[in-house]
Each structure stands twice: as C-alpha cells, then as structure tokens.
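First residue of the sequence shown: 15, per the numbering used here; consecutive thereafter. Glycine included, C-beta positions come from ideal geometry on N, C-alpha and C. No experiment lies behind these values; they were computed from the predicted model shown. Quick notes on the structure that follows.
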Amino acid sequence: MSTVTETRSRTTLPTTGTAPTHPRLVAWLDEVVDLCQPDAIHYCDGSDAEWDTLVELLVEAGTVVRLNPDLKPNSIYARTDPDDVARVEDSTFICSIDERNAGPTNNWMDPVQMKRIMTDLYDGCMRGRTMYVMPFCMGHLDAEDPKFGVEVSDSAYVALSMRIMTRMGAETLRTMEENDADFVPCLHSVGMPLEPGMDDVAWPCNETKYIVHFPEERMVWSYGSGYGGNSLLGKKCYALRIASVMARDEGWLAEHMLILKLISPEGRQFHIAAAFPSACGKTNLAMLQPTVPGWHVETLGDDIAWLRFGSDGRLYATNPETGFFGVAPGTSMETNPNAMLTIEGGNSIFTNVGLTPDGDVWWEGMTAEKPGTLTDWKGRIWHGATGPEGGRPDEKAAHPNSRFCTPIDQCPILSEDYERPRGVPLDAIIFGGRRENTVPLVTQSRDWRHGVFMGATCSSESTAAAKGAIGVLRRDPMAMLPFIGYHVADYVQHWLDIGKETDADLLPKIFYVNWFRRDADGRFMWPGFGENSRVLKWVAERIQGTADAVETPIGLLPAEGSLDVDGLNIPADDLAEVIGYWSQEWRDEVPRIGRWFDTFGWRLPREMVDELVGLEVALGKQPTR
C-alpha cells in the first residue's frame with residue numbers, strides 16, 4: 015500500500031479508453047493504482063487513433079520527433095538517456111522461492127525481500143504521470159492455449175512499442191474477458207514521479223534499475239529503465255524468462271530463436287529454427303536473400319520461438335511476437351535488404367540512431383558513404399568526416415545497440431504460415447555463436463542428445479545488446495543465458511526430456527554454425543549474409559539425405575564437394591580452414607567446457623558428462639592438427 019498522504023483510486027481518476035471487467039485484472043489494477051498513484055489512466059485499445067494521440071503526446075514532451083512522412087511514413091525517432099541503452103543483466107533477477115531453483119546463471123533475491131524493495135520504489139512512482147494499461151497476447155488469439163499478459167506502465171513510448179510487438183488492445187481484452195483467462199501481470203515504471211511544479215525530461219528513467227521475475231507467481235516487475243528490453247515486458251521478460259518456466263511445467267520450449275521457411279528450386283519446404291546470441295545475425299538469417307540460384311527464404315520470426323508438440327509427434331514452432339525489434343547498425347540493402355524494405359514501410363519507432371537533416375534515419379553500415387552532417391544519438395551535431403562536435407572522431411552516429419521497432423506484417427517475405435495458430439513443423443534446429451576460431455562453419459549433431467550438448471556448450475564473444483564488456487567469450491546455452499527463468503542444469507535436462515517425448519525420426523535435426531571465423535590477419539574467412547544460404551542448402555540436403563558428411567569427434571562436417579560454393583570467390587585454403595576442425599583447438603576447448611559444466615553443480619545431467627568424456631576420448635585418438 016502507498017504511504018503517501020494523498021491517495022487516489024482507479025474509479026476516481028481521470029480515465030480514457032474502456033475499463034476492463036475481468037475480475038482478477040480489475041483487482042490487480044486497483045492495487046497498482048493504490049501503490050503507484052498515477053494522475054490519470056489510459057486503457058489501451060491498440061487503434062490507429064490511439065497511436066496518433068500518443069505520438070502527439072510524446073512529440074510535445076520532446077521524447078520523440080516525427081520522421082519525414084515521405085521517407086519514413088508514420089514513424090518516429092527517439093533518443094534515450096545515455097545510461098539507458100541496453101538490457102541491464104546485473105539488475106535482472108529471478109526471484110524463485112528457493113534460491114537453488116534460480117541456478118548459477120541468474121541473479122537471485124528472496125522474493126519477499128525483493129517485493130519489499132520494489133514496493134518502496136513503486137510507492138508513488140507514477141505521480142504526475144498517466145498509467146497505461148496494455149492487455150496483450152503472446153501468440154495467436156485463436157491458438158489452442160493463448161498466453162495473455164497485461165502490462166501497466168507510465169511510459170507512452172512503451173505503449174506504442176507494445177502495439178507493434180504484441181497483439182495488444184481491445185480485441186485481446188475482449189477475448190480475456192470472454193474466457194476469464196489467466197494472465198501474467200507486468201508492472202513497469204520509469205521511476206521518475208513528477209511532483210507539482212517539477213519539469214519533466216525527454217527520457218525519464220532512474221539510476222536505480224530492477225527487472226524482476228517471480229516465476230512461481232508468473233509475474234514481472236520492472237523499474238527505472240525505459241529501454242525496450244527492460245520495459246517491453248512481453249518480450250524477453252515474459253516470452254522467454256517466464257515462458258521458459260511455463261514451458262518446463264507444461265512440456266514445451268520457449269526459445270531465443272528465429273523461424274524461417276527454406277524453399278528449394280523443386281518447391282520442397284523446410285522449416286528451421288535458429289538460436290544465436292543477440293546481435294549475432296538472427297534478423298539477417300531470418301530475412302535471408304539467398305545467393306544460391308532457385309532457393310528462397312520466407313520469414314516467420316527473428317527473435318523468439320515457442321516450440322510445442324503436435325498430435326503427429328513433431329515439434330511445431332510459433333512466433334509469439336508481431337514485430338521486429340532489430341539492431342540497426344550493420345543493417346543495409348547489402349546485408350539485409352528485406353529488413354530495409356520492412357523499415358521503408360514506415361509505422362516504426364527508431365531509437366538511438368542518427369537523425370538526418372531531411373528527417374530520415376542513418377546508422378553505421380547502412381550506406382558505404384557517411385552523411386555529411388546529422389544529429390547523433392546523443393543529440394550532438396555529427397560530421398561524417400570528423401565525428402561529433404565536442405566529441406572524439408571515432409564516436410559513432412548511432413549507438414551500437416540502437417534499434418528499429420517495426421511491424422512484422424510489412425516484411426516482404428513474411429510467410430503465410432506466420433498466421434497458423436499452431437505454427438510450423440520443424441525440420442531443423444540450428445545453434446550458433448560468434449567465435450573467431452575453433453568452431454567450424456557448420457556441424458551436424460549425431461543425434462538429439464549430442465545436439466543438446468552442442469546447444470548447452472554454445473559460446474560467443476559478448477555483444478552490445480547487453481550492458482557490459484564487449485568481446486569477452488562466454489558460454490551461452492542455446493543462446494538463452496540471460497533468459498532462462500530457472501536453473502540452467504534443469505533447462506538442459508528439459509531439452510533432453512523433450513527428445514524422449516516422441517520418436518527420434520520425428521525430431522528436428524540439430525546443427526551448429528559459426529559465420530565469424532577469422533584468419534591470422536583478423537579477416538573474416540566466410541563472407542556471410544546471403545552466402546549463408548549455402549549452409550542452409552547443405553542443412554536441407556542433410557535432412558533429405560542427399561548431401562554427404564564426414565564423421566568427426568565434434569560431429570558431422572560437410573564432405574569435400576558437398577557444400578555448394580559455385581560462384582563463390584573464396585580461396586580453397588580458406589574454405590578448408592572454415593569448414594574443417596583442428597583437434598588441438600578442440601583439446602584446448604574440452605577443459606573450458608568442463609569448467610563451464612562445473613558451474614552447474616550436482617544438477618548437471620549425466621548425459622552431458624558422457625558427451626564431454628566421449629569428445630575427449632575421441633579427440634585423443636586424433637592427430638594433433
């Protein structure tokens with residue numbers, strides 16, 4: 015309960031929109047209003063008129079500017095506070111009742127203690143602000159088991175973003191009320207109440223930040239940050255951290271994966287899910303434009319996949335989101351033309367990129383030539399030749415983790431299968447990471463268990479998507495390290511258990527890729543981007559049984575001549591290096607994996623120990639090189 019003298023109730027505050035009648039939602043909203051004490055309430059309906067109204071409010075507040083409607087129709091541009099630019103993993107908590115269930119990869123605090131801290135922070139936190147109520151659905155409303163949530167926030171920027179990223183609004187609320195549906199309550203505040211006479215700032219936030227998950231209660235609380243990954247609570251917080259716990263309890267998987275459809279020249283379709291750490295090419299692969307003649311890709315999602323068994327015993331994948339929240343730098347017509355065409359459709363939010371004088375956006379890698387002058391992500395005049403005025407010449411116009419938030423239905427290669435409520439049957443799962451050495455271009459697992467081992471030992475140099483050091487090598491199991499809502503060892507065990515739920519022949523084949531190997535001079539050895547379609551072709555041919563592979567201690571690698579490199583200008587030595595493996599590098603890798611597994615403690619599945627021992631024994635029989 016709030017301790018402030020003046021109290022306000024939901025029924026007496028100024029309101030806009032249609033108030034809900036869902037009993038449990040009404041009761042929760044009463045509690046939130048009593049605690050956070052907003053000045054007004056807006057019940058979001060997700061309409062175009064609402065978008066226009068909220069955009070105008072944010073323009074007046076100086077939070078966003080409208081972009082040139084001829085260049086980016088119905089789109090806006092925002093700059094965050096320089097200290098609010100990425101996920102804050104050190105302030106992200108899994109507050110399970112038992113600390114042991116959070117595991118070694120999560121921050122934990124006793125939920126009673128955390129609620130006491132958060133309640134004190136939330137006390138009066140929305141004074142002077144409007145509280146936005148956003149009913150949303152992750153996945154399709156007509157799915158067999160739709161997953162609902164309601165986010166409450168004092169940020170109109172969040173409300174606009176949630177409209178793009180989720181099925182948010184009146185139709186969702188109506189479905190919830192008709193079915194008396196359960197929902198995940200998600201409470202967010204920027205943590206900057208406005209007292210009478212106090213001036214607001216363009217990007218309100220707080221130095222104190224918490225992103226807190228209560229897995230047993232299926233609840234998310236966030237405070238102090240307006241950045242998307244910390245404030246769009248339907249995304250990583252619900253769709254991965256909370257949903258991973260739901261999935262464990264209900265027998266499915268919630269994963270940090272893209273979903274694509276690969277179509278051969280003969281019209282054969284392959285559905286593939288792929289898990290990479292943030293900023294390692296998920297969006298580029300999801301919207302791939304193949305260079306191999308006759309092959310096509312359609313996208314179903316670029317970030318999150320929910321995997322459930324169908325009645326036929328196969329794993330089906332759905333994308334619970336309705337938008338792309340993509341990393342901007344490096345995205346161009348050369349690297350990802352379909353993403354650029356999606357953005358050109360407008361109706362988008364751009365955050366922390368550069369703003370050009372003609373009201374368009376720009377970021378590093380978009381064009382070969384830098385603009386002469388623009389306004390950078392910190393609001394400074396920035397010159398292509400000399401950098402920002404008053405800053406260092408090497409400072410970028412766009413933050414490395416700057417983002418575009420864009421509706422998925424504008425994607426020119428969106429698959430019609432995206433609208434299938436139960437999803438698509440998976441033929442393959444691909445894991446990947448960013449490694450300069452050791453890991454080959456593509457490896458196929460021997461079986462499901464070996465594939466889980468490959469996923470559990472994923473490793474990657476860290477990126478700008480999370481606050482902290484860049485370039486540090488860390489293990490990232492299934493690219494889910496920051497997003498597993500329970501003990502990592504139990505998560506790996508759940509993957510193993512999933513593989514026992516159906517016939518082995520019905521399970522997706524598992525592969526591992528690494529686009530990022532470098533030579534001694536630091537040069538990337540594989541061209542990547544559209545050329546990655548050559549790897550997808552090999553994956554498809556392995557599924558069909560028409561491509562050859564060589565058995566090695568680390569898995570199945572492309573046999574000589576089986577990877578289509580026709581028309582690819584790559585030296586033979588480089589190709590051999592990038593698709594091969596060197597036993598000494600892997601001998602060095604074994605103890606690193608062992609140290610990683612040591613962190614799992616006694617819960618480490620025995621199957622993972624057996625896989626590691628088997629790898630070590632097999633490598634011992636190999637030549638040094």
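Continuous beta strand (DSSP E) stretch holding residue i: start and end
| i | result |
| --- | --- |
| Glu269 | 267-269 |
| Ser167 | 161-167 |
| Cys151 | 144-152 |
| Tyr91 | 90-92 |
| Trp596 | It is not in any beta strand (DSSP E) - Trp596 carries neither H nor E in the DSSP assignment. |
| Ile225 | 224-228 |
| Arg488 | 487-489 |
| Val234 | 233-237 |
Backbone CA spacing between residue i and residue j [nearest angstrom]
| i | j | result |
| --- | --- | --- |
| Ala442 | Arg232 | 30 angstroms |
| Arg114 | His501 | 7 angstroms |
| Lys296 | Ala518 | 27 angstroms |
| Gly360 | Asn88 | 6 angstroms |
| Asn546 | Ala289 | 15 angstroms |
| Arg255 | Trp235 | 12 angstroms |
| Asn451 | Ile593 | 11 angstroms |
| Arg639 | Glu599 | Here Arg639 scores only 45 on pLDDT, less than 50, and its place in the model should not be relied on; the value that follows carries that caveat. Cα-Cα distance, rounded: 8 angstroms. |
| Trp640 | Pro160 | Only positions 15 to 639 of the chain appear in the structure, and residue 640 is not among them; the question remains open. |
| Val627 | Cys109 | 34 angstroms |
| Phe284 | Asp84 | 38 angstroms |
| Tyr252 | Arg38 | 19 angstroms |
| Val564 | Phe538 | 24 angstroms |
| Met15 | Val126 | Because Met15 sits at a pLDDT of 40, beneath the cut-off of 50, its placement in the model cannot be relied upon, and the following sentence gives the value as read from the coordinates. Straight-line Cα distance between these residues: approximately 15 angstroms. |
| Gly542 | Ile318 | 22 angstroms |
| Pro304 | Ile273 | 16 angstroms |
Sub-8 angstroms separation of residue i and residue j beta-carbons
| i | j | result |
| --- | --- | --- |
| Tyr526 | Phe445 | yes |
| Phe228 | Phe197 | no |
| Ile422 | Thr336 | yes |
| Arg417 | Val341 | yes |
| Val466 | Val506 | yes |
| Pro522 | Leu440 | yes |
| Phe338 | Thr365 | no |
| Leu155 | Glu185 | yes |
| Val166 | Leu201 | yes |
| Ser362 | Leu246 | no |
| Lys223 | Gly243 | no |
| Met152 | Thr180 | yes |
| Thr25 | Ala54 | no |
| Gly31 | Asp59 | yes |
Collapsed DSSP secondary structure at residue i in the structure displayed
| i | result |
| --- | --- |
| Ala287 | strand |
| Ala216 | coil |
| Cys200 | strand |
| Gly544 | helix |
| Gly243 | helix |
| Asn193 | helix |
| Thr600 | Residue 600 is actually Trp in this sequence, not Thr. DSSP places Trp600 in helix when its eight states are reduced to three. |
| Glu64 | helix |
| Lys86 | coil |
| Arg24 | coil |
| Cys109 | coil |
| Leu174 | helix |
Nearest neighbour of residue i, chosen from the options [CA to CA]
| i | options | result |
| --- | --- | --- |
| Trp309 | Thr471, Asp578, Pro229, Ala157 | Asp578 |
| Gln458 | Leu314, Trp552, Gly447, Gly569 | Gly569 |
| Met190 | Pro34, Ile256, Asn220 | Pro34 |
| Gly401 | Asp374, Gly368, Leu428 | Gly368 |
| Ser429 | Leu314, Arg328, Ala41 | Leu314 |
| Gly499 | Thr566, Ala100, Val69, Gly117 | Gly117 |
| Ser346 | Pro407, Trp376, Glu45 | Trp376 |
| Asp8 | Glu312, Gly615, Leu201, Gly142 | Absent from the model: residue 8. The displayed extent of the chain is 15 to 639, so no value can be given. |
| Gly634 | His464, Pro567, Glu221 | Pro567 |
| Leu267 | Arg601, Met494, Lys86 | Met494 |
| Asp602 | Asp390, Leu71, Leu629 | Leu629 |
| Pro496 | Val78, Leu81, Asn121 | Asn121 |
| Pro426 | Leu302, Asp326, Pro371 | Leu302 |
Residue i Cβ short of 7 angstroms to the ligand MG heavy atom set
| i | result |
| --- | --- |
| Pro619 | As for the ligand MG, it is missing from this structure, which has no ligand bound. |
Start and end residues, alpha helix (DSSP H) containing residue i
| i | result |
| --- | --- |
| Lys275 | Per DSSP, Lys275 belongs to no alpha helix (DSSP H); it is in the beta strand (DSSP E), 272-277. |
| Gly469 | 462-470 |
| Ala353 | 351-358 |
| Lys296 | 296-300 |
| Ala41 | 37-50 |
Within-8 angstroms CB hit, residue i to chain B
| i | result |
| --- | --- |
| Ala331 | Included in the structure is just one protein chain, with no chain B present. |
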